[in-house]
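Working notes, beginning with the structure itself.
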Amino acid sequence: MIETLLEVSDLTVGYGRVTALREVSLTVRAGETVAILGANGAGKTTLLNAISGVLPVRSGAVRYAGRGITGMKPWATARLGVSHVPEGREIFPGMTVEANLRLIDVHGGGPDFSIDDVLEMFPRLGERFGQLAGGLSGGEQQMLAIGRGLMASPRLLLLDEPSLGLSPMLSRAVLGAIAGLKARGISALLVEQNMRAALKVADRGYVLRVGRITAEGSAAELEASPDIRRAYLGV
Ligand code: ATP
Numbered sequence: 001m002i003e004t005l006l007e008v009s010d011l012t013v014g015y016g017r018v019t020a021l022r023e024v025s026l027t028v029r030a031g032e033t034v035a036i037l038g039a040n041g042a043g044k045t046t047l048l049n050a051i052s053g054v055l056p057v058r059s060g061a062v063r064y065a066g067r068g069i070t071g072m073k074p075w076a077t078a079r080l081g082v083s084h085v086p087e088g089r090e091i092f093p094g095m096t097v098e099a100n101l102r103l104i105d106v107h108g109g110g111p112d113f114s115i116d117d118v119l120e121m122f123p124r125l126g127e128r129f130g131q132l133a134g135g136l137s138g139g140e141q142q143m144l145a146i147g148r149g150l151m152a153s154p155r156l157l158l159l160d161e162p163s164l165g166l167s168p169m170l171s172r173a174v175l176g177a178i179a180g181l182k183a184r185g186i187s188a189l190l191v192e193q194n195m196r197a198a199l200k201v202a203d204r205g206y207v208l209r210v211g212r213i214t215a216e217g218s219a220a221e222l223e224a225s226p227d228i229r230r231a232y233l234g235v
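Structure representation (structure tokens):
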């Protein structure tokens, strides 16, 4: 039987009087790439933040690799192999590409990832290795953020809008690299507004609409469904 790596049950999360997620449930099995699709403000970032421990949850539970991680701090979930690559990238602009990668001293128990592995995945970072991260293009910064996430040797990568702001060519490069993680046994929960691109790399997906899961299915099912498209577009 394939292991359920991540199990989110009835998760409710809010900001003051705003409830951003309502009773959200989903699973990621070992080796799967799962997409969370939704329009602006649907709650996608909130979901990843609640899983990794950046945000507290109001109710519900997060289980990972068979243990409860609800309310754990981000550094603790990272040590267990949950690596969060946030939207906005959050790299250190005043440090070199190399220093950004070397900063990570966590081993999450997943497949070993060395700097050489990251450079093989993103050769562009090799060309910019000694340069300050702040001088990288948007796409290169995204590659660096993902590379840094991988340096923690995760079992589960949480990716927030990796294709945001990238040219179609760079989006393809970044999403292609994400697809390649599967072969290394790394699972991914991928948040994307770019539905087409996400469904190309994902095995399954969930549609999040104003804080609730309104549809789920295989990538092929979601791609084919006109209802999903409407829900996703907020029509
Ligand atoms: P986007 O793609 O625009 O980032 P999203 O799907 O990631 O959207 P979230 O950022 O998770 O959505 O936001 C979900 C809801 O929570 C929105 O209604 C948003 O306005 C609200 N929200 C997010 N952050 C805060 C905050 N710090 N304080 C109050 N409300 C917030």
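So for the sequence shown, UniProt numbering puts the first residue at 1; every next one is plus one.
Just so you know, even glycine gets a beta-carbon here, dropped at the ideal spot from N, CA and C.
- The residue from Ile36, Thr4, Thr19 and Val24 with its alpha-carbon nearest to that of leucine 190 is Ile36.
- For glutamate 161, the three-state secondary structure derived from DSSP is coil.
- Its Cα nearest to that of proline 86, the residue Leu55 stands out among Ser225, Leu55, Thr96 and Gly211.
- Per DSSP, reduced to three states, the secondary structure at valine 201 is helical.
- Look at aspartate 105 here: in three-state DSSP terms it is coil, with no helix or strand label.
- Look at the beta carbons and you see the region 57–64 not touching the region 124–141: under three pairs across the two are nearer than 8 Å.
- Your pair leucine 5 and valine 28 checks out as a contact, with CB atoms roughly 5 Å apart and the cut at 8 Å.
- In this structure, the CA atom of glycine 94 is about 15 Å from the CA atom of arginine 148.
- Proximity of the region 4–20 to the region 163–178 falls short of the contact definition, fewer than three beta-carbon pairs being nearer than 8 Å.
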